[in-house]
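I have placed the structure first, in the form of structure tokens, so that the comments after it can refer back to it.
Chains as they are written, first to last, in my numbering: chain A, 202 to 794; chain B, 202 to 794.
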């Protein structure tokens with residue numbers, strides 16, 4: 202069976218040494234009660250839950266075929282119900298939520314690390330509370346006080362859960378063309394009718410009620426994305442006293458059969474004049490939904506990190522135990538029939554790709570988490586503005602780059618197992634299947650790249666990117682000159698700066714230039730970001746002599762020498778004309794080649 | 202349901218225009234009876250079989266859970282038996298085999314294209330005849346005349362089938378440590394005892410008998426890979442008159458539950474003093490097995506090509522049909538609610554990655570096929586020597602590079618589908634799962650890279666690589682200067698030449714240097730090889746004005762500008778010190794990070 206041990210020591214290093222979390226917390230009134238001892242105690246609890254409760258359920262739920270559907274009812278895999286109860290009772294659902302509504306008010310830079318452990322050990326399970334937390338966040342930002350009072354406390358106790366209902370059969374990326382209708386009733390409620398697909402946790406048996414957040418259009422709404430409203434559509438209507446009332450006229454028509462995350466119920470939901478309640482104002486639903494969506498997007502990056510850490514731990518253990526071949530520099534274990542495969546440079550290359558990805562992704566998640574904490578807790582308006590810009594710029598990196606690199610890392614870890622990596626019992630192939638969705642859902646990684654290059658860069662003429670690069674340059678200046686990561690990061694700053702200018706120039710004359718180079722740009726910025734994280738890690742480690750820290754400097758150098766050079770290729774590919782692609786007529790693609 | 206139409210026009214272009222196949226065939230006595238009309242007729246027949254018979258069985262076999270095992274008996278998925286019968290009766294098993302034993306004597310440069318269609322439509326099915334053909338090839342090269350007479354004709358009619366039994370629980374890459382024993386009997390036969398795992402087609406219901414080719418060690422054999430012998434171990438012993446005799450004391454203990462290729466039975470085989478017959482001489486078994494192994498390795502490349510073509514066709518069709526968003530240069534289909542997603546550069550980028558991979562891989566497969574045909578059919582000893590060197594050099598590229606690029610291409614095609622790519626019914630996620638094994642089996646791609654950099658390059662001091670680069674340079678000189686692929690390929694020649702010299706120098710002082718950079722080197726040589734193929738394609742297209750040919754020049758330019766720049770990154774990564782990786786102590790990898 203697969204193993205997992207939460208990387209608590211590295212988490213402490215990242216929070217304490219790299220991001221000086223305690224100083225940061227002590228500097229904010231709302232966070233001053235949190236210290237590293239509290240943080241580590243929380244992480245240790247989650248380490249136990251992830252290892253002892255949900256890890257084994259991950260394999261068993263996949264083996265039994267995942268969530269089951271019958272006559273509108275979804276049964277979650279064996280053990281999920283008890284685990285969810287335990288999770289809810291532990292207060293984990295509201296870990297980062299407002300204390301006013303029953304949450305624990307913990308900072309994001311801490312909750313991302315707790316989340317990493319659940320993503321690592323059971324991504325299907327994670328998707329149930331995840332949607333609750335996201336729905337809670339959207340409601341907290343946009344719902345009325347009465348709505349918050351009615352829904353939030355029950356969501357954080359786990360008695361109820363949440364969903365986000367966006368996609369329809371014909372409308373995924375392009376929400377402007379959704380068809381779900383909302384007709385206003387005299388009592389102020391709405392009748393919601395339509396079909397939503399790919400609804401994660403859309404129906405299940407873990408909670409008494411499910412609070413669906415549904416995008417729909419009123420009859421007189423403007424066309425396109427400016428005419429979308431957001432509605433609360435509970436599975437069971439809620440009486441004034443908070444008890445459950447009648448069943449709403451909506452339900453699951455089926456669940457999808459998927460490549461992975463089989464334990465997560467992905468539902469087709471049919472709304473048949475179901476009673477819904479407007480959140481915020483008509484036609485302003487997309488903004489509210491994007492609070493939730495942006496939260497989910499950072500979560501997808503953590504899904505990538507979790508999978509990469511899980512796969513790495515198992516591959517490293519396998520490589521240590523597996524005896525095969527001999528070292529080229531002479532037999533290392535003469536008493537054994539063969540040396541461990543760790544004597545082979547190529548095996549180390551695959552493992553170090555994973556290890557470097559884990560450590561950079563974790564630092565990046567905490568970095569973005571800290572920026573989010575600034576936006577939420579800081580009283581310094583300028584700092585909040587700056588952090589908001591940074592979060593906006595880096596959300597597509599967190600979602601797309603962290604999941605793209607995670608897939609590569611997980612594929613490398615699977616390869617370390619040779620043929621055994623392809624066999625179900627080792628759990629590596631499931632990890633690949635479960636992870637793959639992270640690149641697709643909540644806006645495909647291609648769409649994230651469009652967001653980065655368009656809304657987040659071209660629209661502000663590169664100002665956000667320029668500020669980010671300035672921050673990196675200023676930080677890196679504090680590093681020892683002897684560290685390879687210093688020159689490498691400064692060089693990456695210059696490369697990304699220059700290619701950003703190139704893109705801004707090219708985009709002026711050719712409105713479809715950016716689309717074709719967006720993914721290369723996202724990877725270029727992602728590589729720079731990971732280089733920045735290794736610079737931060739190196740600064741925290743450079744003065745310390747213990748092997749734990751010195752090995753971090755070696756890993757940073759490995760990244761600079763063996764991973765970062767990919768930047769050059771992305772730059773060259775952006776510089777090559779992308780007009781070429783658009784020259785080909787549409788029928789070229791399906792014509793007999 | 203997924204679609205597939207064999208790319209017959211491109212296959213004709215590759216054979217006829219690029220490789221001038223008819224001239225080549227007419228110049229060889231044994232092939233002079235084959236012309237393009239015959240070749241195209243064969244490919245058209247296979248196009249029908251692949252589309253009409255086995256395509257639908259691919260999805261259904263996966264849905265029903267693949268091959269089933271019960272009490273030592275393997276039942277193949279519904280429809281496989283009838284399809285295999287039809288395949289055998291069509292003479293497809295022996296398409297490239299010697300006419301003396303019932304084969305059709307067709308050249309490899311043609312059979313690779315027929316194989317592509319089966320790999321594209323049903324890789325699980327393909328694995329049954331594949332092992333028969335490989336076993337036939339090993340026997341034809343190393344078995345006695347009596348053995349050939351006894352086994353080959355029945356293999357090519359499909360009455361019997363074949364396997365290769367190498368791997369044991371503790372021994373995969375390192376065959377020198379296998380434990381299966383062969384004890385000589387007085388009658389000259391051997392008693393074979395041991396356990397083999399991961400045996401593709403090791404047990405099934407498609408043929409009356411299964412001829413296992415088994416590696417084992419005699420009691421007094423030298424240690425390591427110099428003491429391995431090869432044995433024929435039939436499932437049913439064969440009487441003198443060719444009829445089936447008693448059941449041999451061997452059989453399947455279980456089958457593996459895998460990520461994909463579920464229709465293919467991957468067996469644990471237990472040999473309990475089973476009767477075996479030596480092939481060739483004792484202790485020389487590995488050479489015979491490698492005839493088969495090298496054949497399978499080229500086949501894995503074709504598996505990659507087939508999957509990439511299949512995924513591309515489905516993605517291109519989906520992109521054409523899927524309406525979502527609007528073109529940045531203005532609405533393209535005002536009569537529709539949205540434009541087709543082909544208006545987005547990023548969608549074209551993903552599709553063109555697939556298309557470029559398909560066309561370069563296909564040309565490369567035919568190129569290697571032609572070299573194999575020269576080794577088999579040419580009477581010019583120097584040409585045979587040269588072709589043998591070329592095949593040896595390029596087999597790891599065919600196996601590993603074509604499958605690595607295929608996985609990327611298939612992942613891109615899956616991504617074109619958005620969320621639908623993750624749902625089973627579209628067949629894209631199965632394509633990813635089925636393809637993934639091609640990078641792992643028959644020697645992992647990491648092991649292929651070791652073969653390329655070690656045995657095929659360092660061992661001959663780069664002579665084979667130098668000859669290959671000379672051939673490329675001479676060919677490319679004939680291209681129009683206006684074609685971007687010309688300068689790009691010449692530049693790639695210089696880059697690969699220089700990095701090969703660098704590797705030869707570095708390897709002298711550091712015996713484990715090569716291992717850590719091998720995969721980067723394989724990808725560098727792979728990129729050069731694909732560039733060479735696009736140079737060949739461009740030369741055949743440059744004088745022709747029809748869109749079919751002009752579009753090939755655009756695709757070649759796309760490759761030069763958008764794919765080939767990856768070469769720079771691999772070169773930089775090779776140049777970076779790999780000693781760094783080896784500095785870390787073994788326990789670093791499993792220590793708490």
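We put the CB at the ideal spot given by N, CA and C, even for glycine.
*Which residues DSSP lists as bridging residue 423/B, in chain order*: Position 222 of the second chain holds residue 423/B. For residue 423/B, which the question treats as bridged, DSSP gives no partner whatsoever.
*In chain B, which residues lie less than 9 angstroms from residue 504/A when you measure between Cβ atoms?*
Counting from 1 along the first chain, the entry for residue 504/A is found at position 303. Residues of chain B whose Cβ lies closer than 9 angstroms to the Cβ of residue 504/A do not exist; the shortest such Cβ separation is about 14 angstroms.
*Residues that residue 327/A contacts on chain B, provided the C-beta gap is smaller than 9 angstroms*: Within the first chain, the letter at position 126 stands for residue 327/A. Taking a Cβ-Cβ cut-off of 9 angstroms, residue 327/A has no neighbours in chain B, whose nearest Cβ is about 17 angstroms from it.
*Three-state secondary structure (DSSP) at residue 740/B?*
Position 539 of the second chain, counted from the first residue, corresponds to residue 740/B. It is helical.
*Which chain B residues are close to residue 382/A, counting only those with a beta carbon under 8 angstroms from its beta carbon?*
Here residue 382/A corresponds to residue number 181 of the first chain, with the count starting at 1. Those do not exist, as residue 382/A stays about 16 angstroms from chain B at its closest Cβ, beyond 8 angstroms.
_Tell me which residue opens and which closes the alpha helix (DSSP H) that residue 202/A is part of._
If you number the first chain from 1, residue 202/A lands on position 1. Where residue 202/A is concerned, there is no enclosing alpha helix (DSSP H), given that its DSSP letter is neither H nor E.
*May I ask you to verify whether the region 234 to 246 of chain B touches the region 425 to 432 of chain B, counting CB pairs closer than 8 angstroms and requiring at least 3?*
The region 234 to 246 of chain B is not in contact with the region 425 to 432 of chain B.
*CA-CA distance, residue 164/B and residue 496/B?*
Residue numbering for chain B in the displayed model covers 202 to 794; residue 164/B lies beyond these limits and cannot be assessed.
*Runs of alpha helix (DSSP H) wholly within the region 673 to 733 of chain A (minimum 4 residues, chain order)*: Entirely contained in the region 673 to 733 of chain A, the alpha helix (DSSP H) runs reaching 4 residues are, in chain order, 685 to 710.
*Quick one: which chain B residues come within Cβ less than 7 angstroms of residue 645/A?*
Translated into positions along the first chain, residue 645/A becomes position 444. Chain B residues near residue 645/A: 616, 619.
*Name the DSSP bridge partner or partners of residue 413/B?*
Stepping through the second chain from its first residue, residue 413/B is reached at position 212. In DSSP, residue 413/B forms a bridge with 364/B, 434/B.
*In terms of residue numbering, what span does the alpha helix (DSSP H) encompassing residue 357/B cover?*
As a working mapping, residue 357/B is identified with position 156 in the second chain. For residue 357/B, the enclosing alpha helix (DSSP H) covers residues 346 to 358.
*asked:* Can you pull the chain B neighbours of residue 541/A, defined as C-beta to C-beta under 8 angstroms?
replied: Sequence index remark: in the first chain, residue 541/A carries index 340 (1-based). 787, listed in chain order.
_Those residues which DSSP pairs with residue 510/B across a bridge_ = Within the second chain, numbered from 1, the residue matching residue 510/B stands at position 309. In the DSSP output, where bridge partners are listed per residue, residue 510/B has none listed.
*May I ask you to list, following chain order, the residues of the region 690 to 721 of chain A that have a beta carbon less than 9 angstroms from some beta carbon of chain B?*
Against chain B - using a Cβ distance shorter than 9 angstroms - the residues of the region 690 to 721 of chain A are 711, 712, 713, 714, 715, 716, 717, 718, 719, 720, 721.
*At a CB-CB cut-off below 7 angstroms, which residues of chain B make contact with residue 457/A?*
By 1-based counting over the first chain, the position of residue 457/A is 256. Here the neighbours are 624.
*residue 746/B - DSSP class collapsed to helix/strand/coil*: For this step, residue 746/B is matched to residue 545 along the second chain. Three-state DSSP puts residue 746/B in coil, outside helix and strand.
*Does at least one heavy atom of the ligand COA sit under 7 angstroms from the Cβ of residue 461/A?*
Judged by which ligands are present, the structure shown has none, so any question about the ligand COA falls away.
*What did DSSP end up calling residue 399/B once you bin it into helix, strand or coil?*
Taking the second chain and counting its residues from 1, one reaches residue 399/B at position 198. Residue state, collapsed to three classes: strand.
*Out of 382/B, 683/B, 405/B, 792/B, state which residue places its alpha-carbon closest to the alpha-carbon of residue 436/B.*
If you number the second chain from 1, residue 436/B lands on position 235. Distances from the alpha-carbon of residue 436/B to those of 382/B, 683/B, 405/B, 792/B put 405/B closest.
*At a CB-CB cut-off below 7 angstroms, which residues of chain A make contact with residue 319/B?*
In the second chain, counting from the first residue as 1, residue 319/B sits at position 118. In chain A, no part has a C-beta under 7 angstroms from the C-beta of residue 319/B; the shortest such distance is about 18 angstroms.
*First through last residue of the alpha helix (DSSP H) which encompasses residue 562/A*: In the first chain, counting from the first residue as 1, residue 562/A sits at position 361. For residue 562/A, the enclosing alpha helix (DSSP H) stretches over residues 546 to 578.
_residue 493/B beta carbon less than 8 angstroms from that of residue 310/B_ = Within the second chain, numbered from 1, the residue matching residue 310/B stands at position 109. Within the second chain, numbered from 1, the residue matching residue 493/B stands at position 292. It is not a contact, given that the beta carbons lie outside the stated cut-off.
_Any beta carbon from chain B within less than 8 angstroms of residue 610/A's own beta carbon?_
The count along the first chain starts at 1 and reaches residue 610/A at position 409. No, its Cβ sits nowhere closer than 8 angstroms to a Cβ of chain B.
*Tell me, please, whether the region 458 to 476 of chain A touches the region 397 to 414 of chain A by the rule of three or more beta-carbon pairs shorter than 8 angstroms.*
Taking one beta carbon from each stretch, the region 458 to 476 of chain A and the region 397 to 414 of chain A have 3 or more pairs nearer than 8 angstroms; the two touch.
*Taking the Cβ atom as the reference point for each residue, do residue 566/B and residue 599/B lie within a distance shorter than 8 angstroms?*
For the purposes of this step, residue 566/B is taken as the residue at position 365 of the second chain. For the purposes of this step, residue 599/B is taken as the residue at position 398 of the second chain. Yes, the Cβ-Cβ distance between residue 566/B and residue 599/B is below 8 angstroms.
*Going by the beta-carbon positions, is the gap between residue 725/B and residue 691/B smaller than 8 angstroms?*
Here the question's residue 725/B lines up with position 524 in the second chain. Here the question's residue 691/B lines up with position 490 in the second chain. Not in contact: residue 725/B and residue 691/B (Cβ atoms no closer than 8 angstroms).
*asked:* Rounding to the nearest angstrom, what Cα-Cα distance links residue 330/B and residue 319/A in this structure?
replied: Here residue 330/B is taken as the residue at index 129 of the second chain, counted from 1. Here residue 319/A is taken as the residue at index 118 of the first chain, counted from 1. Taking the straight line joining both Cα atoms gives about 44 angstroms.
*asked:* Let me see if you follow: with CB-CB separation under 8 angstroms, is residue 545/B close to chain A or not?
replied: Stepping through the second chain from its first residue, residue 545/B is reached at position 344. True, the Cβ-Cβ gap to chain A drops below 8 angstroms.
*Between the Cα of residue 415/A and those of 359/A, 479/A, 459/A, spot the shortest distance and give me the residue it belongs to.*
As a first step, residue 415/A is located in the first chain; it is residue number 214 there, counting from the start. When only C-alpha atoms are compared, the closest one is 479/A.
*Is residue 237/A buried or exposed, if buried means 16 or more other CB atoms sit within 10 Å of its CB?*
Translated into the one-based positions of the first chain, residue 237/A becomes position 36. When all chains shown are included, residue 237/A counts as exposed.
*For the beta strand (DSSP E) that residue 446/B lies in, which residues bound it at each end?*
Within the second chain, the letter at position 245 stands for residue 446/B. Start and end: 445 to 448.
*residue 595/A by DSSP, collapsed to three states: which one?*
Along the first chain, read from residue 1 onward, the residue named residue 595/A stands at position 394. Here residue 595/A sits in helix by DSSP.
*For residue 659/A, which of 619/A, 639/A, 704/A has the nearest alpha-carbon?*
Mapped onto the first chain, residue 659/A falls at position 458. If we check each option's Cα against that of residue 659/A, 704/A comes out closest.
*In chain A, what lies closer than 7 angstroms to residue 491/B by C-beta?*
Taking the second chain and counting its residues from 1, the one referred to as residue 491/B is at position 290. Think of a sphere of 7 angstroms around the beta carbon of residue 491/B: no beta carbon from chain A falls inside it, the nearest being about 17 angstroms out.
*Would you say residue 393/B and residue 289/B are within 8 angstroms of each other, going by their C-beta atoms?*
Against the second chain, residue 393/B aligns to sequence position 192. Against the second chain, residue 289/B aligns to sequence position 88. The Cβ atoms of residue 393/B and residue 289/B lie no closer than 8 angstroms to each other.
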